[in-house]
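The structure appears right after this line, and notes come after that.
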Amino acid sequence: MEKSANKKRQAYLLIFLCWLAYTVSYFGKVNYAANITQIIDFYGITKAQAGSVSTFFFFAYGIGQVVNGVMCRKYNMKWMIFISLTVSASINFLVAVSDNFEMIKWLWMINGFVMSILWPTLIRLLSETLPQEALSLSSVAMGTTVAIGTLTIYGLSALYVAFDKFKLAFYTAAFAVALVAVIWLIIYKKAVSIAKDEENTNKIKPSVVNDKKETSSKEKKIIIATICVLCFYAIGVNLMKDGLTTWVPAILKEEFAVNDSLSILLTLFLPVLAIFGNAFALNIHKKIPDYINHCVTVFAVVTVLLGIIIGSLTLKIVVFMLLGLIAVNFLASSLNSLITSIFPLFMRGKVNSGLFAGVLNGFCYVGSALSSYGLGAVADNFGWTAVFYTLGSFCIITFIVWIGYHFYKKNSIG
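This is the structure we're talking about:
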């Protein structure tokens, strides 16, 4: 009994350590987006130019997710996570003291690549180390990291902007991320000691799709098809989620004359409910166990909500627009958790969790890259209403892809 209790405490400690590392990493990832309107004014640049920095970040981050997803099984996880956090902290400090906008673009690209080490490595660590009964808890916990990290840094940014000190967001990230890097080194050994328990038989062979006898050839084809469709859906999920997080302050400022500090504060409503996105996704997944059916159902609801947002923009009803944005962000965040966390962890007996956590998250950040520069360019040339028509068009395409997936699945089974 005592051994079981100790094993559970170690599992909880490992989950907390991974949660802390990934949550605080968001201080040093989204602080640029949180202050994008101030950056535009400070450097005297266009929205597209400002968005290009996030595009550089997301481009490097997306490629890094795939590279690190493939390579993470060879990593010394203790030191790779420490290096990732330490380098990111250093880059945030350099951005804080820099007045050169061109240099920031390249620094933020490097930041994107080093940060891409975290997710696939952490998911590999959790999937190979935790007992089966702790998987749901780890999925829920890791599913809150994005929302809590984003919420915290946006809240601090609103406070800093109120005092006209937006660069404090970068100093805060530099300090917090460096501190967690040190905590990681100190606690890591104790947290992962559960992996040395011979009773833990949950470790998985590091193969692309595990060659288990119970996994038939037909099932493998369906799994591969599911992964391909999820990669495509991942693009749209982050196109919406990160697009809204990045540009809502600018929309509120330009369309509703909301001042900078208040617009950032109002944007906090987006990640507040998103904290519960993973738990929501888990509950929906119990009712709709097919991952693709789950995704397309949510996209259908999002399509309706985008129509409400477009109407609210046209009629200048800020309350309805904010409620619509919060709902869309919540649903997009739930799908992000489904694709990048629930699927890799729950399919660990059939796929390489670390690899596909990286690959799927990499495709998410293709959408993130498009959301920054692409949606900024659409807004510059056609206005904010066109941005939401663009997102709605993607939702329609997801339904067409869903039809093709089910046609393939039916033929594969038959």
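Take the sequence shown: its position 268, counting from 1, is numbered 604 in my numbering, and each next residue is one higher. Backbone N, C-alpha and C fix where the C-beta goes; we use that ideal spot for every residue, glycine too. Just so we're clear, the structure is a prediction, and the values are computed from it rather than from any experiment.
Item to complete: Verify whether the separation of the beta carbon atoms of Leu606 and Asn665 is less than 8 Å.
Response: Translated into the one-based positions of the sequence shown, residue 606 becomes position 270. Translated into the one-based positions of the sequence shown, residue 665 becomes position 329. In this structure, Asn665 lies closer than 8 Å to Leu606 by Cβ.
Practice prompt. Within the region 662-741, note down every full beta strand (DSSP E) run reaching 3 residues or more, in order along the chain.
Written response: none
Discussion item. Beta-carbon within less than 6 Å of Phe394's beta-carbon, same chain only, minus the 5 sequence neighbours each way: which residues are those?
Written reply: Counting from 1 along the sequence shown, the entry for residue 394 is found at position 58. Cβ within range, chain order: Tyr701, Ser704, Ala705.
Worksheet item: Excluding the five sequence neighbours on either side, which residues of its own chain have a C-beta within less than 6 Å of the C-beta of Ile644, listed in chain order?
Response: As a position in the sequence shown, residue 644 is number 308, starting the count at 1. Result list for Ile644: Gly660, in chain order.
Practice prompt. Take Pro467 as the anchor and find which of Ala713, Phe682, Asn574, Val640 has the nearest alpha-carbon.
Written response: Counted from its first residue, the sequence shown places residue 467 at position 131. In terms of CA proximity to Pro467, Phe682 leads the group Ala713, Phe682, Asn574, Val640.
Worksheet item: Are Ala561 and Tyr741 touching if we call contact CB-CB under 8 Å?
Response: Taking the sequence shown and counting its residues from 1, one reaches residue 561 at position 225. Taking the sequence shown and counting its residues from 1, one reaches residue 741 at position 405. Yes, the pair counts as a contact, with Cβ atoms nearer than the cut-off.
Item to complete: Give the straight-line distance between the Cα atoms of Phe392 and Lys343, rounded to the nearest whole angstrom.
Response: By 1-based counting over the sequence shown, the position of residue 392 is 56. By 1-based counting over the sequence shown, the position of residue 343 is 7. A direct Cα-Cα distance of roughly 42 Å separates Phe392 from Lys343.
Fill in: Contacting residues, own chain, Cβ-Cβ under 7 Å from Phe743 (five flanking each side not counted)
For this step, residue 743 is matched to residue 407 along the sequence shown. Nothing meets the Cβ criterion.
Item to complete: Whole angstroms is fine: what's the gap from Val528's alpha carbon to Ser388's?
Response: For this step, residue 528 is matched to residue 192 along the sequence shown. For this step, residue 388 is matched to residue 52 along the sequence shown. Approximately 39 Å between the Cα atoms of the pair.
Fill in: Which of helix, strand or coil DSSP assigns to Thr382
Here the question's residue 382 lines up with position 46 in the sequence shown. Three-state result, Thr382: coil.
Practice prompt. Starting from the Cα of Glu590, find the closest Cα among Lys383, Thr359, Tyr358 and give me that residue.
Written response: For the purposes of this step, residue 590 is taken as the residue at position 254 of the sequence shown. Comparing Cα positions, the closest option is Lys383.
Worksheet item: Which value, in whole angstroms, describes the spacing of the CA atoms of Thr373 and Tyr709?
Response: Taking the first residue of the sequence shown as position 1, residue 373 is located at position 37. Taking the first residue of the sequence shown as position 1, residue 709 is located at position 373. Cα-Cα distance, rounded: 14 Å.
Practice prompt. Tell me whether the beta-carbon of Cys631 lies closer than 8 Å to the beta-carbon of Leu671.
Written response: Here residue 631 refers to the residue found at position 295 of the sequence shown. Here residue 671 refers to the residue found at position 335 of the sequence shown. Yes, the pair counts as a contact, with Cβ atoms nearer than the cut-off.
Discussion item. On the criterion of 16 or more Cβ atoms from any shown chain inside 10 Å, does Ser729 qualify as buried, or is it exposed?
Written reply: On the sequence shown, residue 729 is found 393 positions in, with the first residue counted as 1. By the neighbour-count rule (16 or more Cβ atoms within 10 Å), Ser729 is not buried but exposed.
Worksheet item: Based on Cα-Cα distance, which residue from Phe449, Ser475, Thr488 lies nearest to Arg460?
Response: Within the sequence shown, the letter at position 124 stands for residue 460. Residue Ser475 is the option with its Cα nearest to Arg460.
Worksheet entry | Extent of the continuous alpha helix (DSSP H) run through Ala593 | By one-based count along the sequence shown, residue 593 stands at place 257. Per DSSP, Ala593 belongs to no alpha helix (DSSP H) and is neither H nor E.
Worksheet item: Looking only at its own chain, which residues have a Cβ that is under 8 Å from the Cβ of Ile381, when we skip the five neighbours before and after it?
Response: In the sequence shown, residue 381 corresponds to position 45, counting from 1. Closer than 8 Å at Cβ, skipping near neighbours: Ile375, Phe437.
Worksheet item: How should Thr488 be labelled, buried or exposed, when 16 other C-beta atoms within 10 angstroms of its C-beta is the threshold for buried?
Response: Along the sequence shown, one-based indexing puts residue 488 at 152. Buried is the call here.
Worksheet item: Considering only residues of the same chain and omitting the five flanking positions on each side of Leu667, which have a CB-CB separation below 7 Å?
Response: Residue mapping note: residue 667 aligns to position 331 of the sequence shown, counting from 1. Excluding positions up to five away in sequence, the list reads Val634, Val637, Val638.
Discussion item. Quick check on the burial criterion: 16 or more other C-beta atoms within 10 angstroms. Buried or exposed for Asp578?
Written reply: On the sequence shown, residue 578 is found 242 positions in, with the first residue counted as 1. Per the 10 Å Cβ criterion, buried.
Worksheet item: For the putative contact between Leu696 and Leu609, defined by C-beta atoms under 8 Å, what is the C-beta separation to the nearest angstrom?
Response: The residue labelled residue 696 in the question sits at position 360 within the sequence shown. The residue labelled residue 609 in the question sits at position 273 within the sequence shown. Actually they are not in contact, since the Cβ atoms of Leu696 and Leu609 sit about 23 Å apart, beyond 8 Å.
Worksheet item: Quick one: what does DSSP say Thr480 is sitting in, helix, strand or coil?
Response: On the sequence shown, position 144 is the one that residue 480 refers to. Coil.
Worksheet entry | alpha helix (DSSP H) runs wholly inside the region 627-658, at least 4 long, in chain order | DSSP runs (the alpha helix (DSSP H)) wholly in the region 627-658: 627-651.
Fill in: Between the CA atoms of Lys557 and Asn747 - distance to the nearest angstrom
Taking the first residue of the sequence shown as position 1, residue 747 is located at position 411. Taking the first residue of the sequence shown as position 1, residue 557 is located at position 221. Rounded to the nearest angstrom, the two C-alpha atoms are 11 Å apart.
Worksheet item: Considering only residues of the region 424-497, which uninterrupted alpha helix (DSSP H) runs meet the minimum length of 4 residues and lie entirely inside it, listed in chain order?
Response: 437-451, 454-465, 471-479
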